[in-house]
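> For the sequence shown, this note's numbering gives the first residue as 1088, with consecutive numbering after it. No residue lacks a Cβ here, since even glycine has one placed at the ideal position from N, Cα and C.
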Amino acid sequence: MRDREPTIRSRELGEGLRKTMERAGLNGKQAAHLLGLSPSWVSRLLSGQRHATAVQVAEFLAMCRVTGAERDRLLALCDEQHVPGWFQQHGSRLPQQLVTLIDHETKAIGINDFQATVVPGLLQTGEYSRALLNEAGRVPVDEIDDRVAARLARQSLFSRDRPPQFTFYVHEFVLRLPVGSPAVMADQLHHLQRMSLRPYLTLRVVPAALGAHAATAGSFTLMEFVDFKPVAYLESEASCLFLETGEEIEAYQRILAVLARDALNMGESRELIATLATEPHADREDRA
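#1: If you drop the 5 nearest sequence neighbours on each side, which residues of the same chain put their C-beta closer than 7 Å to that of residue 1116?
#2: Under the three-state reduction of DSSP, which class applies to residue 1199: helix, strand or coil?
#3: Between residue 1312 and chain C, is any beta-carbon pair separated by less than 8 Å?
#4: The alpha helix (DSSP H) with residue 1165 in it runs from where to where?
#5: Whose C-alpha, out of 1217, 1152, 1097, is nearest the C-alpha of residue 1131?
#6: Excluding five sequence neighbours on each side, which residues of the same chain lie with their C-beta closer than 6 Å to the C-beta of residue 1167?
#7: For residue 1099 and residue 1135, what's the separation of their Cα atoms in angstroms?
#8: As an exercise, report each continuous alpha helix (DSSP H) stretch of at least 4 residues that is fully enclosed by the segment 1209-1261, in chain order.
#9: Counting pairs of Cβ atoms below 8 Å between the segment 1286-1297 and the segment 1348-1360, do you hit three or more?
#10: The alpha helix (DSSP H) spanning residue 1094 covers which residue range?
#11: Buried or exposed: where does residue 1331 fall if 16 or more other Cβ atoms within 10 Å of its Cβ makes it buried?
#12: Skipping 5 residues on each side, what residues in its chain have a beta carbon closer than 6 Å to that of residue 1187?
#13: What is the rounded straight-line gap between the Cα of residue 1304 and the Cα of residue 1106?
#14: Taking all protein chains shown into account, decide if residue 1179 is buried (16 or more other Cβ within 10 angstroms of its Cβ) or exposed.
#15: When we look at the beta-carbon of residue 1199 and count the other beta-carbons within 10 Å, is it buried (16 or more) or exposed?
#16: Specify the secondary structure class of residue 1179 as computed by DSSP and reduced to three states.
#17: Buried or exposed, going by whether 16 or more other CB atoms sit within 10 Å of the CB of residue 1317?
#18: Residue 1332 by DSSP, collapsed to three states: which one?
#19: Run through the DSSP bridge pairs and tell me what residue 1320 is partnered with.
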């Protein structure tokens, strides 16, 4: 197949093939030689820029001795690699789309996030995350430790030599919603203050006094990249959605532009967070 604009599914397929190749102890040149293909062809396949046929993918997987569920998953991706966007259902179990999200966060040069109800996952403390999962009561108890660990592991983005440029918008309600004990909530707010001082991170609060605002439709993340177009990520209780068409991305870019105009500036946001971190909160005391 000729090269096409890479989609999130073709990139997921390429990443999956790359991992199976590395687990088989091969590099791109060796894989190309065994398959009778050019190294550049294999390189474009692994980057998602080349759409392969099911036969080609099956040969690649056979070379790497991949069988079972992983083989079925990658062949299914092959059938849909030209389709933009990706809707995934995961039910109440640990979301498999987390792998896709982490892969894209790792490649991003810019991550823009709006959260309407809870602290963004990348900014959550471990205790806040655990309290959130416990109190919501929707996650199987035996998965809570894994979900907290997975959420904290994503924060390794902040320790990279060249981290992405982060812009977080949080509604004031996020800061006032009691999660866990007063100590847990105060520590989370202090953590937001500390993170907001990092040069690559912008944290701004959408004030409640603003009323209806540009992002009333809900929380989302927009990731930007060097090698391919932006991707928007939306998450619900039992599913998630990756969006990548131009019209969809432009809609979220417009929302971000309005939030940039209407949200409190960084200094005002830090001041509000500091105030809430130290003031008594009756609701929190009642829940302690």
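Inspection of the coordinates gives the following:
#1: 1126
#2: strand
#3: Given the protein chain composition of this structure (a single chain), no chain C is represented.
#4: 1155-1166
#5: 1097
#6: 1096
#7: 7 Å
#8: 1213-1223, 1231-1241
#9: yes
#10: No alpha helix (DSSP H) holds residue 1094; DSSP gives it neither H nor E.
#11: buried
#12: 1099
#13: 37 Å
#14: Note that residue 1179 scores a pLDDT of 48, beneath 50, so its modelled location is shaky; the value from the coordinates is reported in the next line. With fewer than 16 Cβ atoms within 10 Å of its Cβ, residue 1179 is classed as exposed.
#15: buried
#16: For residue 1179, the predicted model reports a pLDDT of 48, less than 50, meaning its position is unreliable; a value from the coordinates is still stated below. Residue 1179 falls in the coil class under three-state DSSP.
#17: buried
#18: coil
#19: 1308, 1329
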